[in-house]
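Everything on this sheet refers to the single structure shown next.
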Amino acid sequence: MNRSSLVQQIREKKSYLCVGLDTDIDKIPAHLREDKNAILNFNKAIIDATRDYCVSYKINTAFYEAMGAKGWEIMAETAAYIPSTHFSIADAKRADIGNTSSYYARAFFEELGFDAVTVAPYMGEDSLSPFLSYTNKWTIVLGLTSNPGARDFELQKLQHSGEYLYEHVIRTVSQWGNPGNLMFVAGATQASELGR
């Protein structure tokens, strides 16, 4: 999905709503768990119930990867069920040396058909460039996360500039991509920092 299509969805629906499909079998209602395709059918029901209100869906891949091959199959089927009019995000937090990153990008963009994938930027530009090289695909970079451990690194001030590490990351990574293929994670619990 390109930038203009995403913006059009946001304007038409007057919504930024992204629905998380971080499906935990233990949290699915008991009466639905009896179905051998419980997770997939639950995901489909959530998509059907929300498609008119949201502009995107986010699948946290860990919930599916933990189930092995069956989980990957469920993730692929869920991703395929997301309407093409909606922005699809693989919340995978990937990045590695360039060659490995190229395979991660291929897996999520080509094989699974996601519009975007979340990545961790700390290995540098060569770890993100394989993701950024895709046309009409988005790289969502961890900037300032919502977890308590964000203060361990992201909220540390750099001695040479006085800026926080997350600010340096966002400023630097912004030079590698463009608004048509790059987004940043900024946790809603960090509202006081977002105005910086």
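Heads up, the sequence shown is in the working numbering, so the first residue is 490 and it goes up one at a time.
Each residue gets a CB set at the ideal place from its N, CA and C atoms; glycine is no exception.
1) Counting Cβ pairs, one atom from each stretch, are 3 or more of them under 8 Å apart for the region 530-541 and the region 490-498?
2) Are the CB atoms of Asp-585 and Ser-616 nearer to each other than 8 Å?
3) Quick check on this structure: which residue in Ala-677, Gln-648 and Val-630 has the alpha carbon closest to the alpha carbon of Trp-665?
4) Given a cut-off of 8 Å, decide if Arg-492 and Gly-632 are closer than it, judged by their beta-carbon atoms.
5) Are the beta-carbon atoms belonging to Arg-628 and Leu-671 less than 8 Å from one another?
6) Could you have a look at Ser-509 and say whether DSSP puts it in helix, strand or coil?
7) Can you check which of these residues, Ala-609, Lys-503, Leu-654 and Cys-507, is closest to Ile-571 by C-alpha distance?
8) Taking 8 Å as the cut-off, does the region 587-596 touch the region 553-561 (at least 3 CB pairs, one atom from each stretch)?
9) What is the rounded straight-line gap between the Cα of Lys-626 and the Cα of Ser-573?
10) State the start and end residues of the unbroken beta strand (DSSP E) segment that holds Arg-583.
11) Report the residue from Arg-640, Ala-519 and Lys-547 whose alpha carbon sits nearest the alpha carbon of Leu-510.
12) Please go through the region 568-637 and give each complete alpha helix (DSSP H) segment of 4 or more residues, from N-terminal end onward.
13) For my contact list, Ser-618 and Gly-587 are in at a C-beta cut-off of 8 Å; report their separation, rounded to the angstrom.
Result, derived from the coordinates:
1) Verdict: no, contact absent.
2) Reading the sequence shown from its first residue, position 96 is the one you call residue 585. Reading the sequence shown from its first residue, position 127 is the one you call residue 616. Closer than 8 Å, so yes.
3) Here residue 665 corresponds to residue number 176 of the sequence shown, with the count starting at 1. The residue with the shortest Cα to Cα distance from Trp-665 is Val-630.
4) As a first step, residue 632 must be located in the sequence shown, where it is residue number 143. As a first step, residue 492 must be located in the sequence shown, where it is residue number 3. Not closer than 8 Å, so no.
5) Stepping through the sequence shown from its first residue, residue 628 is reached at position 139. Stepping through the sequence shown from its first residue, residue 671 is reached at position 182. Residue 628 is actually Thr in this sequence, not Arg. Yes. Within cutoff.
6) The sequence position of residue 509 within the sequence shown is 20, counting from 1. The sequence as given places Gly at residue 509; Ser does not occur at that position. Look at Gly-509 here: in three-state DSSP terms it is strand.
7) Against the sequence shown, residue 571 aligns to sequence position 82. With respect to the C-alpha of Ile-571, the residue from Ala-609, Lys-503, Leu-654 and Cys-507 having the closest C-alpha is Cys-507.
8) Contact fails: fewer than three Cβ-Cβ distances are below 8 Å.
9) Counting from one through the sequence shown, the residue named residue 626 turns up at place 137. Counting from one through the sequence shown, the residue named residue 573 turns up at place 84. Approximately 13 Å, taken between the alpha carbons.
10) In the sequence shown, counting from the first residue as 1, residue 583 sits at position 94. Here the beta strand (DSSP E) through Arg-583 covers 576-583.
11) On the sequence shown, residue 510 is found 21 positions in, with the first residue counted as 1. Nearest C-alpha to Leu-510: Lys-547.
12) For the region 568-637, whole alpha helix (DSSP H) runs of length 4 or above, ordered along the chain, are 587-594 and 614-621.
13) Here residue 618 is taken as the residue at index 129 of the sequence shown, counted from 1. Here residue 587 is taken as the residue at index 98 of the sequence shown, counted from 1. Here Ser-618 really is in contact with Gly-587; their C-beta atoms are around 7 Å apart, less than 8 Å.
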